[in-house]
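Student: Quick one: this structure, given as structure tokens, is what I'll be asking you about.
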Amino acid sequence: MLELNQISKSYKLADNQVFPALRDINISFKKGELVSIIGESGSGKSTLMNLIGGLDSDFTGKLLIEGRNIGEFSSKELDAYRKNKVGFVFQSFNLIPHLSVLDNVTIAMTLSNIGKSARVARAEEILTEVGLKDHMKKKPNQLSGGQKQRVAIARALINDPDIIIADEPTGSLDSETTEQILELITNIARKGKLVIMVTHSEKVANHSSRVVKIADGRIVDDIKGMDIGSAASERASINKGKQNLSMLSAIKLALNNMKEKMTRNVLIAIGASIGITSVILMLALGNGVKGYVTDQMNSMTNPLVVEVNMPIEEEAAMNQNEKGTAEAPPGMPPMDPSAMFGSYTPFEQKDMDKLSDIDHVVEVQKGLNIMALGTNMIQYEDKTSQILMVSTLSENVTESNIAKGAYPEKGEILVSEAVEKDLGQDIIGKEVTVTLKLNEETYQAPLTVSGIYTTGSNFEGTSNMQIMFANYDDLVAIGDKHDFEIQPSTLYLISDDVDHTDSIRQAVADLGYRGSAQEMMADMFLSMLDMLSYVLAAIAAISLIVSAIMILVVLYISVVERTKEIGVLKAIGARSKDIRRIFVSESFLIGLLSGLMGILFALLAMMIVNPITTNLFSFNLVVIEPIYMIAGIVISVLISMAAGIIPAGMAAKLDPVESLRRE
Ligand SMILES: Nc1ncnc2c1ncn2[C@@H]1O[C@H](COP(=O)(O)OP(=O)(O)OP(=O)(O)O)[C@@H](O)[C@H]1O
-12 MLELNQISKS
-2 YKLADNQVFP
8 ALRDINISFK
18 KGELVSIIGE
28 SGSGKSTLMN
38 LIGGLDSDFT
48 GKLLIEGRNI
58 GEFSSKELDA
68 YRKNKVGFVF
78 QSFNLIPHLS
88 VLDNVTIAMT
98 LSNIGKSARV
108 ARAEEILTEV
118 GLKDHMKKKP
128 NQLSGGQKQR
138 VAIARALIND
148 PDIIIADEPT
158 GSLDSETTEQ
168 ILELITNIAR
178 KGKLVIMVTH
188 SEKVANHSSR
198 VVKIADGRIV
208 DDIKGMDIGS
218 AASERASINK
228 GKQNLSMLSA
238 IKLALNNMKE
248 KMTRNVLIAI
258 GASIGITSVI
268 LMLALGNGVK
278 GYVTDQMNSM
288 TNPLVVEVNM
298 PIEEEAAMNQ
308 NEKGTAEAPP
318 GMPPMDPSAM
328 FGSYTPFEQK
338 DMDKLSDIDH
348 VVEVQKGLNI
358 MALGTNMIQY
368 EDKTSQILMV
378 STLSENVTES
388 NIAKGAYPEK
398 GEILVSEAVE
408 KDLGQDIIGK
418 EVTVTLKLNE
428 ETYQAPLTVS
438 GIYTTGSNFE
448 GTSNMQIMFA
458 NYDDLVAIGD
468 KHDFEIQPST
478 LYLISDDVDH
488 TDSIRQAVAD
498 LGYRGSAQEM
508 MADMFLSMLD
518 MLSYVLAAIA
528 AISLIVSAIM
538 ILVVLYISVV
548 ERTKEIGVLK
558 AIGARSKDIR
568 RIFVSESFLI
578 GLLSGLMGIL
588 FALLAMMIVN
598 PITTNLFSFN
608 LVVIEPIYMI
618 AGIVISVLIS
628 MAAGIIPAGM
638 AAKLDPVESL
648 RRE
């Protein structure tokens, strides 16, 4: 069944030296034998077992199993050989501490993706055989030494292998338990399996059917032992499973590993969640503020109207600055400094033609906006109000902007609350004297106040200013009276549909004209917000990098801690891929956990912050959309899995022989 031909094995040492551990081994084994390998410490017993067990295929000579040379096996064939043809029993049991007896025994079946019911059925059968049927649910540390070794034997037998390799199986047991375990092992051989066992104990060797002595890597003796007899061979009718560890089983195994180190994993997830929380909050904050600004814009302006101003000419701006009149008053957005009477660039017919040609524009209305300090005023009886802004009425001023009184007809004006304060409460319906400075000359005209204007928004700044709205035609008439032709400083394009307003606005910008001052302010505000988002994004990025490193370190530690377990899994037949899969699953789970925590913290922050901002500014600062939470989870999982690649690769690459040797 098993034949070793001219087997030699050397270990490479430093400085290109080699140490010959096995030299020219020639031996063959039959089914039903119980072979004891004896020899001094360091004689090469374990080395030989590793070769036979398929843990080490780096040797010279031929190691034939049923006529096929293990030395020529592909790594896939070698994995299958370990999984299905050999079973390992170790001196120190090497059970996986966080798995139950049942799971320890069936791990090889899990690695073959065999269903739970089949696994349990087979485990019951095999645990009954070793006398541990009632201990299936226990963890290894709840068992006695003898019981642990029985579990290990059950694990070795689970896939009904042809060969059992036992490295000092009784080395850690007292004499009574040794007897029981030996009986169990002898029984296995009797039923037709080949059992090869390393031992230091003569008593144990005496129980076997054959004793092979090794010294200095050579076989020095090969004698027949006692007759152990034979029993009917019972081949288990089990499905050995051609498949491999499924992702789901890998996640289950990973979950089990993680439960073992619960506190550590939760702490890591909390640490990693900080980055995720900041990502979600960053998005939610931007969303909240943008929503607020857009709302405010919509409440201040008519959604069908696009305001158009002439582009600011650098020179005009410079001149105005020198005159010192271009400074916007506090609380007011920066104004086009040229929009002063007599010095602004008016719209010409060709501008109007161009603008009215824009798709979906149904009408172009003319308007005038004059900002000045100390030149325009309204007088009523002995009271005077200095007007900062003289504007014409447009579709932008609607009924919602009328706080009191009525919308102005011809010959009427609308004044802001600040003007009302200057001129007295009873100003509505009264005729006032409006003084305007046009073209460096001062003109006066009597007009009637029809109502009080309000911005209807939270931008308190504008409602505290002295603003007057008049009909464009009235202003033109005042100009006409003095032979001064008024030309529009502002045009209002009326859209045929709310949905087309944005495209019109874009077309206006493309033609090189400016939008409204509010739009400019909102744009400025939004670009400031963008900057804030970048800062938050940088914080988030840094914390994500930190969490990636944290996860990497923790998984690295986990690999180091579980080196032996990885060796056991490999001996049982786990492929490198399976080991990687288990660790990648672990990083996936950490990522998932920290993503969920990140969402939780972001929601908590939202619940704390929003009531405060609602109270102060009547809007929700943090607006979390479901897509942000999904993004949080996805980012978290991706980062965690990326961090897991290195440790998982390390675990996958571990050499089973060395891992098993690890104390
Ligand atoms: N990875 C290695 N690198 C270098 N030398 C090694 C390595 N592993 C084993 N050896 C050497 O090979 C020889 C055989 O070792 P092996 O572990 O097979 O001995 P053993 O007979 O099983 O000993 P013991 O009974 O003490 O377990 C020893 O001299 C040991 O120092």
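For the sequence shown, position 349 matches number 336 in my numbering, and the numbering has no gaps at all.
Glycine included, C-beta positions come from ideal geometry on N, C-alpha and C.
Nothing here was measured: the structure is a model prediction, and the numbers come from that model.
(1) Leaving out the 5 sequence neighbours to the left and right, which residues in its chain are closer than 7 Å to Asn597 when beta-carbon positions are compared?
(2) What is the DSSP secondary structure of Tyr394, reduced to helix, strand or coil?
(3) My parser needs the alpha helix (DSSP H) runs of 4 or more residues fully inside the segment 331 to 408; what are they?
(4) Could you check whether the segment 258 to 268 touches the segment 621 to 628, counting it as contact only if at least three pairs of C-beta atoms, one from each stretch, sit closer than 8 Å?
(5) Give me the Cα-Cα distance between Gly585 and Ile257, rounded to the nearest whole angstrom.
(6) Is any heavy atom of ligand 1 found at a distance shorter than 6 Å from the C-beta of Gly29?
(7) At a threshold of 6 Å, does Ala651 count as lining ligand 1 (C-beta to nearest heavy atom)?
(8) Let me know the secondary structure DSSP gives Tyr500 once reduced to three states.
(9) Quick check: does the Cβ of Ser(-5) come within less than 6 Å of any heavy atom belonging to ligand 1?
(10) Are Met455 and Ile532 closer than 7 Å when you measure CB to CB?
(11) Is it right to say Ala528 is buried, meaning 16 or more other beta carbons lie within 10 angstroms of its own, or is it exposed?
(12) Restricting to Cα atoms, I'd like to know which of Ile24, Ser30, Asn(-8), Ala1 is closest to Ser15.
(13) Using only the alpha-carbon positions, how far apart do Asp43 and Ile559 sit?
(14) Excluding five sequence neighbours on each side, which residues of the same chain lie with their C-beta closer than 7 Å to the C-beta of Ser236?
(15) Give me the Cα-Cα distance between Ala67 and Gly102, rounded to the nearest whole angstrom.
(16) Could you tell me which residues DSSP puts in a beta bridge with Tyr279?
(17) Please indicate yes or no: does the CB of Ser87 lie closer than 6 Å to some heavy atom of ligand 1?
(18) Out of Phe80, Thr371, Gln283, Lys397, which one is the CA nearest neighbour of Ala405?
(19) Measuring CB to CB, does Tyr500 end up less than 7 Å from Val295?
(20) Tell whether a beta-carbon distance below 7 Å holds between Thr8 and Gly31.
(21) May I ask whether a heavy atom of ligand 1 can be found less than 6 Å away from the beta carbon of Ser33?
(22) Count the CB pairs spanning the segment 409 to 420 and the segment 351 to 362 that are closer than 8 Å, and state whether there are at least three.
(23) In terms of residue numbering, what span does the beta strand (DSSP E) encompassing Glu472 cover?
(24) Consult DSSP for Ile83 and reduce its assignment to one of helix, strand or coil.
(25) In angstroms, rounded to a whole number, what distance separates the CA positions of Thr164 and Gly158?
(26) Here's a check: name, in chain order, each residue in its chain whose Cβ is nearer than 7 Å to the Cβ of Ile633, leaving out the five neighbours to either side.
(27) Using a 10 Å radius around the Cβ and a threshold of 16 neighbouring Cβ atoms, would you call Glu427 buried or exposed?
(28) Report buried or exposed for Ala589, applying the criterion of at least 16 other Cβ atoms within 10 angstroms of its Cβ.
(29) Among the residues of its own chain, which have a CB less than 8 Å from the CB of Lys126, if the five just before and after it don't count?
(30) Tell me which residue opens and which closes the beta strand (DSSP E) that Val555 is part of.
(31) Below 7 Å between beta carbons: does that hold for Ser196 and Ile183?
(32) Let me know if Asp461 comes out buried or exposed under the rule of 16 or more other beta-carbons within 10 Å of its beta-carbon.
(33) Do you know how far the Cα of Ile491 is from the Cα of Lys277?
(34) Taking 8 Å as the threshold, find out whether the segment 553 to 567 comes into contact with the segment 68 to 79 through three or more Cβ pairs.
(35) Report the rounded CA-to-CA distance for Ser476 versus Gly578, giving the unit in angstroms.
(36) With 7 Å set as the bound, which would you pick, yes or no: does the beta-carbon of Asp460 sit closer than that to a beta-carbon of chain B?
Tutor: With the structure as the only source:
(1) The residue given as residue 597 occupies position 610 in the sequence shown. Hits under 7 Å: Asn607, Leu608, Val609.
(2) For the purposes of this step, residue 394 is taken as residue 407 along the sequence shown, with counting starting at 1. Under the three-state reduction of DSSP output, Tyr394 falls in the coil class, being neither helix nor strand.
(3) List check, alpha helix (DSSP H) in window: 336 to 343.
(4) At 8 Å Cβ cutoff, the stretches touch.
(5) Along the sequence shown, read from residue 1 onward, the residue named residue 585 stands at position 598. Along the sequence shown, read from residue 1 onward, the residue named residue 257 stands at position 270. When rounded, the distance between both Cα atoms is 8 Å.
(6) As a first step, residue 29 is located in the sequence shown; it is residue number 42 there, counting from the start. With a cut-off of 6 Å, the C-beta of Gly29 is classified as near ligand 1, since at least one heavy atom of the ligand falls inside that distance.
(7) Limits of the chain in this structure are -12 at one end and 650 at the other, which puts residue 651 out of reach.
(8) Numbered from its first residue, the sequence shown carries residue 500 at position 513. Three-state DSSP puts Tyr500 in coil, outside helix and strand.
(9) Within the sequence shown, numbered from 1, the residue matching residue -5 stands at position 8. For ligand 1, not one heavy atom lies less than 6 Å from the Cβ of Ser(-5).
(10) As a working note, residue 455 is residue 468 in the sequence shown. As a working note, residue 532 is residue 545 in the sequence shown. In this structure, Ile532 does not lie closer than 7 Å to Met455 by Cβ.
(11) Sequence index remark: in the sequence shown, residue 528 carries index 541 (1-based). By the neighbour-count definition (other C-beta atoms within 10 Å, threshold 16), Ala528 is an exposed residue.
(12) In the sequence shown, counting from the first residue as 1, residue 15 sits at position 28. That would be Asn(-8), whose Cα lies nearest to the Cα of Ser15.
(13) Against the sequence shown, residue 43 aligns to sequence position 56. Against the sequence shown, residue 559 aligns to sequence position 572. One C-alpha to the other measures close to 14 Å.
(14) For this step, residue 236 is matched to residue 249 along the sequence shown. Taken in chain order, the residues that qualify are Thr97, Asn100.
(15) Position 80 of the sequence shown, counted from the start, is the residue given in the question as residue 67. Position 115 of the sequence shown, counted from the start, is the residue given in the question as residue 102. Those two C-alpha atoms are separated by around 18 Å.
(16) In the sequence shown, residue 279 corresponds to position 292, counting from 1. Beta-bridge analysis with DSSP links Tyr279 to no other residue.
(17) In the sequence shown, the residue the question calls residue 87 occupies position 100. No, ligand 1 has no heavy atom inside 6 Å of this Cβ.
(18) Position 418 of the sequence shown, counted from the first residue, corresponds to residue 405. Considering only alpha carbons, the answer is Thr371.
(19) Stepping through the sequence shown from its first residue, residue 500 is reached at position 513. Stepping through the sequence shown from its first residue, residue 295 is reached at position 308. In this structure, Tyr500 sits near Val295, with a CB-CB distance shorter than 7 Å.
(20) Position 21 of the sequence shown, counting from 1, holds the residue named residue 8. Position 44 of the sequence shown, counting from 1, holds the residue named residue 31. The residue asked about is misnamed: residue 8 is Ala in this sequence, not Thr. Yes, the pair counts as a contact, with Cβ atoms nearer than the cut-off.
(21) Here the question's residue 33 lines up with position 46 in the sequence shown. A distance criterion of 6 Å places the beta-carbon of Ser33 in contact range of ligand 1, judged by its closest non-hydrogen atom.
(22) Taking 8 Å as the limit for Cβ pairs, the verdict is that the segment 351 to 362 does not touch the segment 409 to 420.
(23) Position 485 of the sequence shown, counting from 1, holds the residue named residue 472. Note, Glu472: premise wrong, no beta strand (DSSP E); not H, not E.
(24) For the purposes of this step, residue 83 is identified with residue 96 of the sequence shown, where counting begins at 1. Ile83 falls in the coil class under three-state DSSP.
(25) For the purposes of this step, residue 164 is taken as residue 177 along the sequence shown, with counting starting at 1. For the purposes of this step, residue 158 is taken as residue 171 along the sequence shown, with counting starting at 1. Those two C-alpha atoms are separated by around 11 Å.
(26) Translated into the one-based positions of the sequence shown, residue 633 becomes position 646. So the qualifying residues of the chain are Leu539.
(27) Locating residue 427 in the sequence shown gives position 440, counting from the first residue. By the neighbour-count criterion, in which a residue is buried when 16 or more other Cβ atoms sit within 10 angstroms of its Cβ, Glu427 is exposed.
(28) As a first step, residue 589 is located in the sequence shown; it is residue number 602 there, counting from the start. Burial call: buried.
(29) Locating residue 126 in the sequence shown gives position 139, where the first residue counts as 1. Contacts found: Pro84, His85, Leu86, Ser87, Val88.
(30) Working through the sequence shown from its first residue, we reach residue 555 at position 568. Counted as a single uninterrupted DSSP element, the stretch harbouring Val555 is not any beta strand (DSSP E) but the alpha helix (DSSP H) occupying residues 550 to 559.
(31) Numbered from its first residue, the sequence shown carries residue 196 at position 209. Numbered from its first residue, the sequence shown carries residue 183 at position 196. At a Cβ-Cβ threshold of 7 Å, Ser196 and Ile183 do not count as neighbours.
(32) As a first step, residue 461 must be located in the sequence shown, where it is residue number 474. Burial call: buried.
(33) If you number the sequence shown from 1, residue 277 lands on position 290. If you number the sequence shown from 1, residue 491 lands on position 504. C-alpha separation (whole angstroms): 21 Å.
(34) Yes, they touch.
(35) Here the question's residue 476 lines up with position 489 in the sequence shown. Here the question's residue 578 lines up with position 591 in the sequence shown. Distance between Ser476 and Gly578, taken at the CA atoms: about 58 Å.
(36) Going by chain labels, chain B is absent from the structure shown, which holds only one protein chain.
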